[in-house]
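Peer 1:
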Amino acid sequence: MELISIIIPVYNVERYLRDCIDSVINQNYQNLQIILVDDGSLDKCPKICDEYACKDHRIKVIHKENGGLSDARNAGIDQACGKYISFVDSDDVIATDMIFSLYEQMMQNKADISVCQRSHIDENGKDLDVSVDVILGDYVVSGNKNCMHDFMSSRGIDTVAWGKLYRMDLFKDIRYPKGRYHEDVFTTYRLVAKANVIVVGGGKKYYYRVRNASITQSSFSSRHLDAVIGKCEMADFVAANYPEELVYAKAGVVYAANQCVWRMGVSHCYDKRFVKMLQLKYRSLEISFLRYGKNGLFSKLFSVCAFVSVDSVVKAVSIIYKIKKKYAECNKRVFSK
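Note that my numbering has the sequence shown beginning at 650, numbered continuously upward.
Written out as structure tokens, the structure is:
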């Protein structure tokens, strides 16, 4: 069996790190290079990484100054020796047979990327029994344009780096963007654009931990704008290389922008710079597309309103949430008497 490199970026996750590493070293596929990239952790993570490296010769530890998730992944990629590569986030865990399952279906179908589905767990490891995956069963996508179509239309191939096995040579000349959040948005489509065969299957093998402190769960910050910037870069790439998929690319821009506008309103975070930037992004799209995209009625209405005035939508959402919060507090006082 071929050597597979598994990259695990590590930063201040001492509560979850042992569970993560244990799930990787206990894989029934044993020919692994496990690269733990300590990205300047301030807790006990560096010590835990070194402890595991002493126990298992397959583990290599990289200690570096904090540079963010992209920089940590890139450091791991640069040290990877495997013919294939996979990523695991250090607060997540994987099924004992995830790597074997991904490798087996990759070999059987001579694929460039192998994908499994995911389940969600809470901070204590309890199954939340929710998933954003649409279960389509095992299937193979052949042909570069078909691979990009299934990726752009979210048919079983998503943007996240983890839960996948890649041919290492796909990363030639491709790295994650340092200093950006939502780094997968900037990168995965470029990997898919190099693929001719992608296989999806194997069931739910990756367990994603939902944490209250996660950026993807938090209220608005300027970091969320990176998702919009990444989607815009993707749309430009698609327009130049896969114009038939442009409707999906534009839908991605709208979705990311809507998320930012909504979060700004809910968290009462009003900043004229961000409002102006988002307004320009909406105005770069045709109003007809915003109205007649594949999104639901509320999303269409929200998008059209934001096209007219992001400023007004942010303020409206903020007012609605203030009223909702006061109403909830009044009900709580009434029913607690």
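Positions of the beta carbon are idealized from the N, C-alpha and C atoms, including for glycine.
Note that the structure is predicted; figures quoted are calculated from it, not measured.
Work out the CA separation of Tyr830 and Ile864 for me, nearest whole Å.
Peer 2: For this step, residue 864 is matched to residue 215 along the sequence shown. For this step, residue 830 is matched to residue 181 along the sequence shown. Its pLDDT being 47, under 50, Ile864 is placed unreliably by the model, and the measurement read from it follows with that caveat. Distance between the alpha carbons of Ile864 and Tyr830 is about 9 Å.
Peer 1: Which whole-angstrom value is the C-beta distance of Leu751 and Leu814, which I expect to be below 8 Å?
Peer 2: Start at 1 with the first residue of the sequence shown, and residue 751 comes out as number 102. Start at 1 with the first residue of the sequence shown, and residue 814 comes out as number 165. Going by Cβ atoms, the distance from Leu751 to Leu814 rounds to 4 Å, so yes, they are a contact pair.
Peer 1: What does DSSP give as the partner residue(s) for Gln757 in the beta ladder?
Peer 2: Locating residue 757 in the sequence shown gives position 108, counting from the first residue. For Gln757, which the question treats as bridged, DSSP gives no partner whatsoever.
Peer 1: Quick one, which of Phe923, Val953 and Ile968 has its alpha-carbon nearest His917's?
Peer 2: Translated into the one-based positions of the sequence shown, residue 917 becomes position 268. Here the closest residue by C-alpha is Ile968.
Peer 1: Between Lys853 and Gln766, is the Cβ-Cβ spacing less than 8 Å?
Peer 2: Locating residue 853 in the sequence shown gives position 204, counting from the first residue. Locating residue 766 in the sequence shown gives position 117, counting from the first residue. Result yes, Cβ atoms of Lys853 and Gln766 sit closer than 8 Å.
Peer 1: So which of Ile670, Asp960 and Asn907 has the shortest CA-CA distance to Thr745?
Peer 2: Taking the sequence shown and counting its residues from 1, one reaches residue 745 at position 96. Per the Cα distances, Ile670.
Peer 1: Return the first residue and the last residue of the alpha helix (DSSP H) that Ile726 is part of.
Peer 2: Taking the first residue of the sequence shown as 1, we reach residue 726 at position 77. Taken as a continuous stretch (DSSP letters only), the alpha helix (DSSP H) holding Ile726 covers Leu718 to Gln728.
Peer 1: What does the alpha-carbon distance come out to for the pair Tyr665 and Ser933?
Peer 2: For the purposes of this step, residue 665 is taken as the residue at position 16 of the sequence shown. For the purposes of this step, residue 933 is taken as the residue at position 284 of the sequence shown. Going from the Cα of Tyr665 to the Cα of Ser933 covers about 42 Å.
Peer 1: Quick check on the DSSP output: the beta strand (DSSP E) that includes Tyr897 runs from which residue to which?
Peer 2: Taking the sequence shown and counting its residues from 1, the one referred to as residue 897 is at position 248. Here Tyr897 belongs to no beta strand (DSSP E); instead the alpha helix (DSSP H) covers Leu895 to Val915.
Peer 1: Using a Cβ-Cβ cutoff of less than 6 Å, which residues in the same chain neighbour Thr836 once the five nearest sequence positions on both sides are dropped?
Peer 2: Reading the sequence shown from its first residue, position 187 is the one you call residue 836. Same-chain partners within the cutoff: Tyr825.
Peer 1: Leaving out five residues on either side along the sequence, give the residues of the same chain with a beta carbon under 8 Å from the beta carbon of Tyr941.
Peer 2: Within the sequence shown, residue 941 is the residue found at index 292, counting from 1. Confidence in Tyr941 is poor, its pLDDT being 47 and thus under 50, which makes the residue's placement unreliable; the coordinate value appears in the next sentence. So the qualifying residues of the chain are Lys949.
Peer 1: Could you please give me the residues that DSSP links to Ile657 through a beta bridge?
Peer 2: For this step, residue 657 is matched to residue 8 along the sequence shown. Partner(s): Leu685.
Peer 1: If we count the other Cβ atoms within 10 Å of its Cβ and call it buried at 16 or more, is Tyr788 buried or exposed?
Peer 2: The residue labelled residue 788 in the question sits at position 139 within the sequence shown. Exposed, because fewer than 16 other Cβ atoms sit within 10 Å of the Cβ of Tyr788.
Peer 1: Work out the CA separation of Lys732 and Asn795 for me, nearest whole Å.
Peer 2: Against the sequence shown, residue 795 aligns to sequence position 146. Against the sequence shown, residue 732 aligns to sequence position 83. Taking the straight line from one Cα to the other gives about 24 Å.
Peer 1: How about Ile655 and Ser735: do their beta carbons lie closer than 8 Å?
Peer 2: In the sequence shown, the residue the question calls residue 655 occupies position 6. In the sequence shown, the residue the question calls residue 735 occupies position 86. Taking 8 Å as the Cβ cut-off, Ile655 and Ser735 qualify as a contacting pair.
Peer 1: Please work out which residues of its chain come closer than 6 Å, Cβ to Cβ, to Asp960, disregarding the five sequence neighbours upstream and downstream, and give them in chain order.
Peer 2: Translated into positions along the sequence shown, residue 960 becomes position 311. These residues qualify, in order along the chain: Val924.
Peer 1: What do you reckon, are the CB atoms on Trp811 and Tyr855 nearer than 8 Å?
Peer 2: Locating residue 811 in the sequence shown gives position 162, counting from the first residue. Locating residue 855 in the sequence shown gives position 206, counting from the first residue. Yes, the Cβ-Cβ distance between Trp811 and Tyr855 is below 8 Å.
Peer 1: Around the Cβ of Met650, are there at least 16 other Cβ atoms within 10 angstroms (buried) or fewer (exposed)?
Peer 2: To locate residue 650, count along the sequence shown from 1; it is residue 1. Exposed, since its Cβ has fewer than 16 Cβ neighbours within 10 Å.
Peer 1: Helix, strand or coil: how does DSSP classify Ile969 here?
Peer 2: Numbered from its first residue, the sequence shown carries residue 969 at position 320. Looking at Ile969 - three-state DSSP - the assignment turns out to be helix.
Peer 1: Does DSSP put Ser735 in a helix, a strand or coil?
Peer 2: Counted from its first residue, the sequence shown places residue 735 at position 86. Correct three-state label for Ser735: strand.
Peer 1: Taking Cβ to Cβ, would you say Ile806 is nearer than 8 Å to Ile748?
Peer 2: Within the sequence shown, the letter at position 157 stands for residue 806. Within the sequence shown, the letter at position 99 stands for residue 748. Not a contact, by the Cβ cut-off of 8 Å.
Peer 1: According to the Cβ coordinates, are Val966 and Cys954 closer than 8 Å?
Peer 2: For the purposes of this step, residue 966 is identified with residue 317 of the sequence shown, where counting begins at 1. For the purposes of this step, residue 954 is identified with residue 305 of the sequence shown, where counting begins at 1. Not closer than 8 Å, so no.
Peer 1: Determine, using beta carbons only, whether Ala906 and Val887 come nearer to each other than 8 Å.
Peer 2: Here residue 906 corresponds to residue number 257 of the sequence shown, with the count starting at 1. Here residue 887 corresponds to residue number 238 of the sequence shown, with the count starting at 1. In this structure, Val887 does not lie closer than 8 Å to Ala906 by Cβ.
Peer 1: Mind checking whether Asp822 and Val742 have CB atoms under 8 Å apart?
Peer 2: Position 173 of the sequence shown, counted from the first residue, corresponds to residue 822. Position 93 of the sequence shown, counted from the first residue, corresponds to residue 742. Their beta carbons are not under 8 Å apart, which means Asp822 does not touch Val742 by this criterion.
Peer 1: What do you reckon, are the CB atoms on Ala889 and Val902 nearer than 8 Å?
Peer 2: Against the sequence shown, residue 889 aligns to sequence position 240. Against the sequence shown, residue 902 aligns to sequence position 253. No, these two residues do not count as a Cβ contact at 8 Å.
Peer 1: On a CA-only basis, which of Cys730, Met797 and Lys775 is nearest Ile762? Give me that one, please.
Peer 2: On the sequence shown, position 113 is the one that residue 762 refers to. Residue Met797 is the option with its Cα nearest to Ile762.
Peer 1: Which stretch, first to last residue, makes up the alpha helix (DSSP H) that contains Tyr857?
Peer 2: In the sequence shown, counting from the first residue as 1, residue 857 sits at position 208. Segment Val846 to Arg858 is the beta strand (DSSP E) holding Tyr857; no alpha helix (DSSP H) there.
Peer 1: Provide the residue(s) that pair with Gln766 in DSSP beta bridges, ordered along the chain.
Peer 2: Locating residue 766 in the sequence shown gives position 117, counting from the first residue. Paired residue(s): Lys853.
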